[in-house]
Amino acid sequence: MKKIIKKSVEKEFIGNILQFVAKEGLTIYNIEECMEKVYKHMRENASLDKDYQADAGSLIEY
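Going from the sequence shown to my numbering is simple: count from 1 and add 7.
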């Protein structure tokens, strides 16, 4: 069953990313490149015995 992420968790997650991006002076291109690597890692390492699976580039918790 798909676990729904609470809005407060989502807001905190996004806020943390934006804070780090601003602190490090990253550009949209840096962020896109990093996220592609994150998605690739998740797809390659997702398995049924883990808490997450990558599906179409999204983090889905079960």
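We treat Cβ as the ideally placed atom computed from N, Cα and C, and that holds for glycine.
Please read all numbers here as calculations on a predicted model, not as lab measurements.
| query | CA-CA distance, residue 12 and residue 20? | reply | 11 Å
| said: By the three-class DSSP mapping on this structure, what secondary structure does residue 22 have? | reply: Reduced to three states, the DSSP call for residue 22 is helix.
| field | Start-to-end residues for the alpha helix (DSSP H) that takes in residue 11 | value | Per DSSP, residue 11 belongs to no alpha helix (DSSP H) and is neither H nor E.
| message | For a test of your reading of the model: does the CB of residue 38 fall under 8 Å from any non-hydrogen atom of the ligand FMN? Yes or no. | response | As far as ligands go, the structure on display features none, and thus does not contain the ligand FMN.
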